[in-house]
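Numbering (our numbering), first residue to last: 118 to 290. Below is one structure, written out as structure tokens; the observations come after it.
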């Protein structure tokens, strides 16, 4: 006899991955609080999280790219533009982070020359990323709130009916 497997909804997977990416971003945003090693290794893992996020939303990306100038709604276009800017910005943050690595790459035996310009671009792009993250969250706020409510909602119990001498009374949720 096979055990029945419980499937996880796509919405739940998206929610969990997005939450992990969001928390990783917030944690890596202040390297003085975490230390440089955690900042860099979590930043590298963050890049993997972004790739996973993009793969999960690939159909939307392709669809909106095809419809962008023809039939996409204003909201979809705005969302697409913010997402593209955010993606490009995060590529810059991750690339410059690798270029200025003080812990992660040297641990792997890779040493790159340190450049003040790479560090300045990394810091500026990180600050811009915070603003773009705010816009991204604002554009998805309704989904975030609704999914959070569903994610943490307790399952509803079924109402039971009790027959008493005087009539029918319902009890329960």
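Just so it is clear, CB atoms sit at the ideal spot from N, CA and C, and this is done for glycine as well. Keep in mind it's a predicted model, so treat the numbers as computed, not measured.
Pairwise C-alpha distance: residue j and residue i
i           : j           : result
residue 270 : residue 127 : 17 Å
residue 159 : residue 136 : 14 Å
residue 194 : residue 157 : 33 Å
residue 190 : residue 184 : 9 Å
residue 201 : residue 228 : 31 Å
residue 198 : residue 125 : 30 Å
residue 259 : residue 234 : 39 Å
residue 168 : residue 174 : 10 Å
residue 192 : residue 247 : 21 Å
residue 155 : residue 178 : 31 Å
Closest by C-alpha distance to residue i, when choosing among the options
i           : options               : result
residue 231 : 163, 192, 264 and 214 : 214
residue 143 : 172, 250, 262 and 168 : 250
residue 147 : 223, 248, 258 and 240 : 240
Chain-order list of residues whose beta-carbon lies under 7 Å from that of residue i (same chain, five-residue window excluded)
i           : result
residue 164 : 211
residue 264 : 128 and 132
Within 8 Å, strictly: CB atoms of residue i and residue j
i           : j           : result
residue 203 : residue 253 : yes
residue 245 : residue 206 : yes
residue 255 : residue 209 : no
residue 166 : residue 141 : yes
residue 129 : residue 268 : yes
residue 261 : residue 236 : no
residue 134 : residue 221 : no
Chain-order list of residues whose beta-carbon lies under 6 Å from that of residue i (same chain, five-residue window excluded)
i           : result
residue 219 : 153
Contact set for residue i: own chain, Cβ-Cβ below 8 Å, skip 5 residues either direction
i           : result
residue 225 : none
residue 123 : none
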